[in-house]
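Numbering-wise, the sequence shown is residues 1 to 439 according to the UniProt record's numbering.
Beta carbons: idealized from backbone N, C-alpha and C, even for Gly.
Below is one structure, written out as structure tokens; the observations come after it.
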Amino acid sequence: MLPTSTWALRKASPPKIRPWVSFVASYDPGHWVCGGGVVHVVVAGCGSTDHRGTLEYPGRTVTLEPAEGEVCANCSMTGDFGNCDMYKAKLVKLLWVLWVLAMRVSNITFGRAQVAPPPLDRAWWKMGGLAAEKHIQYILTVEKRKDDFISVVMEHLRMSGAYWGLTTLDLLEKLDTVDVDEVVSWVMKCQHESGGFGGNIGHDPHILYTLSAVQVLALFDKLNVLDIDKVTNYVAGLQNEDGSFSGDIWGEVDTRFSYIAICCLSILRRLNKINVEKAVSYVVSCKNLDGGFGCTPGGESHAGQIFCCVAALSLTGSLHHIDKDLLGWWLCERQVKSGGLNGRPEKLPDVCYSWWVLSSLIMIDRVHWINKEKLVKYILDCQDTENGGISDRPDDAVDVYHTYFGVAGLSLLEYPGLKAIDPAYALPVDVVNRIVFGR
1 MLPTSTWALR
11 KASPPKIRPW
21 VSFVASYDPG
31 HWVCGGGVVH
41 VVVAGCGSTD
51 HRGTLEYPGR
61 TVTLEPAEGE
71 VCANCSMTGD
81 FGNCDMYKAK
91 LVKLLWVLWV
101 LAMRVSNITF
111 GRAQVAPPPL
121 DRAWWKMGGL
131 AAEKHIQYIL
141 TVEKRKDDFI
151 SVVMEHLRMS
161 GAYWGLTTLD
171 LLEKLDTVDV
181 DEVVSWVMKC
191 QHESGGFGGN
201 IGHDPHILYT
211 LSAVQVLALF
221 DKLNVLDIDK
231 VTNYVAGLQN
241 EDGSFSGDIW
251 GEVDTRFSYI
261 AICCLSILRR
271 LNKINVEKAV
281 SYVVSCKNLD
291 GGFGCTPGGE
301 SHAGQIFCCV
311 AALSLTGSLH
321 HIDKDLLGWW
331 LCERQVKSGG
341 LNGRPEKLPD
351 VCYSWWVLSS
361 LIMIDRVHWI
371 NKEKLVKYIL
381 DCQDTENGGI
391 SDRPDDAVDV
401 YHTYFGVAGL
411 SLLEYPGLKA
421 IDPAYALPVD
431 VVNRIVFGR
């Protein structure tokens with residue numbers, strides 16, 4: 001039997017109770033280990049002093065201590081870490097890590113994330129391929145179903161649904177199958193007298209649906225139908241004194257809304273109408289020690305929030321506030337064995353994170369830290385090849401949301417036959433070039 005240790009290397013990320021600490025060490029910057037010379041060692045232990053120790057590797061000895069208040073889920077701070085089934089020590093793993101460091105292996109895999117994967121295999125069709133025509137038909141028929149359960153539960157966010165579906169069609173180069181005048185007319189009927197847009201006709205305005213409306217109009221090159229000053233005043237009026245943004249008049253604050261405001265005003269070329277410096281400062285205040293971002297200061301890092309914060313900083317030219325190696329590592333750890341990505345530790349993979357994680361990695365230039373080919377396969381495995389649509393996981397029910405983010409993820413991966421998508425604006429690159437850069 002192997003001897004036990006008070007410290008265990010974890011392949012899985014921490015559960016709800018967080019009996020773990022993370023240590024990040026620079027190791028021989030001239031030698032590529034774990035991507036760019038950064039080695040991450042994750043150890044687990046209880047809050048007991050019996051569970052403190054040291055980790056030695058060439059050139060440095062590091063004292064490891066669990067964060068204050070963190071306890072083992074099973075041994076409940078008894079100090080009996082060796083008997084904790086969930087985190088039973090496995091000294092052989094620790095010894096293996098030390099050996100890897102000593103040998104300076106250039107290509108290694110820690111936990112779920114593969115580092116320095118081989119070049120992306122372009123023989124896509126051996127995976128079964130993207131059922132593009134099926135997905136097009138699925139998107140076009142969703143709108144016609146007015147009385148099924150899905151239509152009813154999505155009634156309040158139909159504006160976002162329109163953005164997801166129409167952008168999917170555009171990425172598949174089939175936007176011309178839609179009646180432009182009908183869509184534009186419906187979008188404008190959703191505008192409130194305040195200047196904002198609701199999720200459907202007669203619904204209250206919200207910054208989220210305002211961006212979706214602007215994005216839909218941008219797809220069709222119909223921003224000219226807007227009273228841009230009116231929309232701008234609505235969005236700018238939601239900025240708070242600390243630089244954050246509320247979603248609507250009820251005052252909920254979230255970094256999602258910071259991104260939405262910045263993205264919306266950037267598309268409309270009205271960023272000067274808000275205090276950009278304060279907006280950036282608030283986003284930066286939501287950065288965590290693991291390199292990620294939460295919805296508010298101190299909030300848990302989450303891939304969706306990370307996208308919003310990274311994109312907001314990207315659109316304002318403020319990416320220098322990000323520790324790209326640290327954040328890149330957190331993001332690449334989201335890839336699981338199936339090739340899919342999750343949004344935070346201990347969660348199942350979900351196709352939508354093919355967008356949230358991948359776009360963030362692209363914006364910080366760390367997308368080469370994940371296995372792209374496995375991610376492509378995961379997305380394709382989530383297709384309904386008979387009826388069209390993409391689900392969150394293989395064999396689950398499809399929906400427009402995951403269909404869009406699956407196709408958008410494939411676009412980021414340069415899947416053949418798809419238009420390129422901008423990772424910050426979440427719009428096709430040709431649309432962004434036209435409306436933002438005038439090309």
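When the alpha-carbon of valine 276 is set against those of Val376, Val142, Gln239, the nearest one is in Gln239. Here the alpha carbon of isoleucine 364 sits roughly 14 Å from the alpha carbon of alanine 303. A straight-line Cα-Cα distance of about 6 Å links valine 235 and alanine 261. Per DSSP, aspartate 430 is one residue of the alpha helix (DSSP H) stretching across 429–435. Rounded to the nearest whole angstrom, the C-alpha separation of phenylalanine 293 and serine 301 is 5 Å.
Rounded to the nearest angstrom, the gap between the Cα atoms of valine 183 and aspartate 325 is 43 Å.
By a beta-carbon distance limit of 8 Å, tyrosine 138 contacts asparagine 387. Their separation comes to about 7 Å.
Assignment of beta-bridge partners to isoleucine 306 by DSSP yields no partner. By the Cβ-count criterion, leucine 157 is buried, with 16 or more other Cβ atoms from all chains shown falling within 10 Å of its own Cβ.
DSSP places isoleucine 260 in the helix class (H, G or I) of the three-state scheme. In the DSSP annotation of this structure, tryptophan 369 is not part of any alpha helix (DSSP H), being labelled neither H nor E. About 4 Å separates the CB atoms of serine 359 and proline 423; that is less than 8 Å, so the two are in contact. Within its own chain, the residues whose Cβ lies closer than 7 Å to the Cβ of glutamate 155, once the five positions on either side in sequence are excluded, are Asn200, listed in chain order. Per DSSP, glycine 317 has no beta bridge partner at all.
Rounded to whole angstroms, valine 180 and phenylalanine 220 show a C-alpha spacing of 7 Å.
DSSP, reduced to helix, strand and coil, places aspartate 392 outside both helices and strands of the structure shown, so it counts as coil. Aspartate 325 sits in a helix when the DSSP states are folded into three classes. Closest in alpha carbon position to valine 280, among Ser314, Val398, Asp392, Leu331, is Ser314. Straight across, the Cα-Cα distance linking serine 258 with arginine 393 is about 30 Å.
Taking every protein chain shown into account, the CB of histidine 320 has fewer than 16 other CB atoms within 10 angstroms, so this residue is exposed. For isoleucine 370, the closest alpha carbon among the candidates Leu341, Gly389, Cys382, Asp381 is that of Leu341. For phenylalanine 405, the enclosing alpha helix (DSSP H) begins and ends at 400–412. Looking at Thr141, Glu143, Ala131, Leu166, the one whose alpha-carbon comes closest to that of valine 431 is Leu166.
DSSP places arginine 158 in the uninterrupted alpha helix (DSSP H) bounded by 158–171.
9 Å or more divides the Cβ of glycine 243 from the Cβ of aspartate 254. When secondary structure is reduced to three states using DSSP, histidine 206 falls in the strand class.
Counting only the Cα atoms, alanine 218 lies some 16 Å from lysine 174.
Nearest in C-alpha terms to isoleucine 435, of all of Trp164, Gln305, Thr177, Val216, is Val216.
Only residues of its own chain outside the window of five on either side were considered, and among them Asp254, Thr255, Gln305 have a CB closer than 6 Å to the CB of cysteine 295, listed in chain order.
Glycine 291 is positioned such that its CB atom lies no closer than 9 Å to that of cysteine 352. In this structure, DSSP gives serine 281 a helical state, which the three-state scheme calls helix. As the crow flies, the alpha-carbon of isoleucine 421 is around 10 Å from that of leucine 413.
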